[in-house]
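First the structure, in the form of structure tokens, and then the observations on it.
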Amino acid sequence: MSYPQWEERPQDPFSGFPPGVGARLRPLVPGLARSAVEAVRRRAEAHDPPLEPGDTESWRELIASAAHAFLDRVEGGRRFGDPSGVAEEFRAFGADEARRGRTLERLHTGMRTAVAIAWRRLAVTDAFTRHDVVVLGEALFAFQEELTSAAAEGHAGVRRADADRRERGRARLLEELLAGAGTDTGAVRALARTARWRVPDRVAVAVLLPGEGSAPPALPSDVLVDLERSEPCALVPDPDGPGRSRTLERSLRGGSAVLGPSVAPREAPVSLSRARDLADLVRAGVVPGGGVVRWVDHLSTLLLSRDPDLLAELASRRLAPITRLRSPQRDRMADTLLAWLETGFNANEAAVRLRVHPQTVRYRIRRLDELFGPRLREPGARFELELVLRARRLLGPLESR
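Shown next as structure tokens:
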């Protein structure tokens with residue numbers, strides 16, 4: 012059985028055209044450009060701001076220039092990509108659309124329309140053979156791809172430059188806010204406009220603690236973040252807003268964020284300082300890390316850890332009666348005394364907390380009563396004892412420091 016042999020096309024789609032093809036097609040260019048611009052105008056009315064009269068003429072010239080460049084290429088095999096040619100026109104057009112904050116959808120609409128019209132005109136004319144129409148069609152689509160790629164390069168270049176400028180602006184804005192520039196409202200708003208960032212009523216600073224092997228956080232776009240700082244941190248707008256904590260949790264990717272208190276933007280340095288205090292406790296293992304660790308949830312721990320030397324002095328005085336005991340016994344007696352104080356002198360509840368028999372707790376309390384004497388019945392002494400015992404539970408033995 013024999014099979015039909017397909018003619019192999021040359022790799023260059025702009026070769027093998029019949030002579031005079033350009034001359035026969037050039038009269039179609041004005042009508043083709045008008046139809047393409049009309050398609051762009053209809054799309055603009057449906058999805059974008061309408062075209063201005065000047066825009067309409069610019070579009071007509073762009074499509075016509077592309078059509079003539081295509082015919083030049085068909086006629087003479089002229090190399091595409093000359094910086095002074097149509098490629099540069101489309102690259103500049105793509106850049107201008109990016110500066111105006113628009114996508115390239117209008118361009119795609121105009122090019123698709125122009126190519127479709129040209130293809131239909133070629134298909135119904137008697138001037139070309141079927142083979143000629145196929146060859147011209149391949150060249151049309153290849154040329155369209157080259158032009159749209161050039162426009163995409165210009166568009167992407169402006170977008171990249173704009174993104175870089177915005178990121179630099181956001182980094183500077185973050186530094187200024189953390190340094191206390193929030194008191195100068197005018198300067199902050201000017202920086203925020205450059206960074207395209209809305210200044211909120213409340214912010215909180217987060218110190219970022221990446222987990223071992225965790226990926227860098229992918230924080231929400233309205234969060235100012237700098238991962239290159241010696242202490243990576245972020246400024247979170249509207250930290251108490253609905254769903255904000257859950258969003259931050261998901262974006263941390265296995266890391267942890269120690270979130271300072273919610274403050275006005277001018278007080279961002281205060282939030283940073285508070286977050287640093289808590290971050291130190293997380294690093295030391297005093298406060299568990301993982302996810303979002305909120306400053307407001309650990310106020311008593313922060314208070315107790317504020318001045319370890321002062322706590323150690325208080326512990327050495329108030330816990331002196333048990334310092335003479337051996338270390339294991341001293342720890343058991345301290346834990347029992349704290350449980351007894353926290354449960355309002357209820358031996359049964361204290362036993363549940365300590366996971367021992369109530370009779371064991373009663374025995375230890377009698378022993379503590381012997382050691383401390385009447386001070387265990389004085390409200391002020393009980394308050395100080397509970398204070399230093401809670402600190403001891405958090406920070407380890409203080410009385411021996």
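Sequential numbering of the sequence shown, starting at 12, is according to this note's numbering.
Glycine included, each C-beta is placed from N, C-alpha and C at the ideal position.
| Asked | Found |
| --- | --- |
| According to DSSP, simplified to helix, strand and coil, what is Pro38? | helix |
| Straight-line CA distance for Leu36 to Ala150? | 14 Å |
| Just to confirm my understanding: we take Arg179, look at its own chain, exclude 5 residues before and 5 after, and list those with CB closer than 6 Å. What are they? | none |
| Check whether the Cβ atoms of Thr120 and Ala217 lie closer than 7 Å to each other. | no |
| Just how far apart, CA to CA, sit Ser69 and Arg117? | 13 Å |
| Give the secondary structure of Pro228 by DSSP, where H, G and I count as helix, E and B as strand, and everything else as coil. | coil |
| Measure the alpha-carbon distance for Asp93 versus Gly148 and round it to whole angstroms. | Low per-residue confidence applies at Asp93: pLDDT is 48, beneath 50, and the placement is therefore not dependable enough to give any value. |
| Which whole runs of the alpha helix (DSSP H) in the segment 94-120 are 4 residues long or more, in chain order? | 97-110 |
| State the Cα-Cα distance for the pair Ala201 and Gly300, rounded to the nearest angstrom. | 37 Å |
| With distance defined between alpha-carbon atoms, name the residue in Arg171, Tyr374, Glu278, Arg183 nearest to Arg110. | Arg171 |
| Starting from the N-terminal side, write out each stretch of the alpha helix (DSSP H) that is 4 residues or longer and does not extend beyond the segment 339-392. | 358-365, 369-383 |
| Use the C-beta contact count for Leu283: other C-beta atoms within 10 angstroms, 16 or more gives buried, fewer gives exposed. | buried |
| Contact criterion: CB-CB distance below 7 Å. Does Val367 meet it with respect to chain D? | Note that chain D does not occur in the displayed structure, where there is just one protein chain. |
| Which of helix, strand or coil does DSSP assign to Pro248? | strand |
| Answer with buried or exposed for Ala78, where buried requires no fewer than 16 other C-beta atoms within 10 angstroms of its C-beta. | buried |
| In three-state terms, what does DSSP make of Arg207? | coil |
| Answer yes if the segment 224-233 comes into contact with the segment 264-274, meaning at least three C-beta pairs across the two stretches below 8 Å, and no otherwise. | yes |
| What number of angstroms, rounded off, separates the C-alpha of Ala163 from the C-alpha of Gly105? | 6 Å |
| Does DSSP classify Asp237 as helix, strand or coil? | strand |
| In three-state DSSP terms, what is Arg337? | coil |
| Which residues share a DSSP beta bridge with Leu219? | Ala268 |
| Glu108 to Ile74, Cα distance in whole Å? | 16 Å |
| What residues in its chain sit with their C-beta under 6 Å from that of Val274, if we drop five residues either side in the sequence? | Val281, Ser282 |
| Looking at C-alpha atoms only, which residue of Val234, Arg240, Pro243, Ser241 is the closest neighbour of Arg255? | Val234 |
| Taking just the CA atoms, how far does Arg378 sit from Gly337? | As written in the sequence, residue 337 is Arg, which differs from the Gly given in the question. Distance between the alpha carbons of Arg337 and Arg378 is about 14 Å. |
| Between Asp143 and Trp130, what straight-line distance do the alpha-carbon atoms span, to the nearest angstrom? | 12 Å |
| Given a cut-off of 7 Å on the beta-carbon distance, is the pair Leu352 and Glu381 in contact? | no |
| Starting from Gly302, trace the beta strand (DSSP E) both ways and give me its first and last residue. | 302-305 |
| Going straight from the alpha carbon of Phe152 to that of Glu186, what length do you get? | 50 Å |
| How far does the alpha helix (DSSP H) with Glu157 in it reach, from first residue to last? | 141-189 |
| How is Val214 classed by DSSP in three states: helix, strand or coil? | strand |
| Who does Val274 pair with in a DSSP beta bridge? | Val214 |
| Which value, in whole angstroms, describes the spacing of the CA atoms of Leu414 and Arg388? | A question about residue 414 goes unanswered here, because the residues of the chain that appear run from 12 up to 412. |
| Here's the rule I'm using: 16 or more other beta-carbon atoms within 10 Å means buried, otherwise exposed. How should His309 be labelled? | buried |
| Use the C-beta contact count for Phe356: other C-beta atoms within 10 angstroms, 16 or more gives buried, fewer gives exposed. | exposed |
| Mapping DSSP to helix, strand and coil, what is Pro280? | helix |
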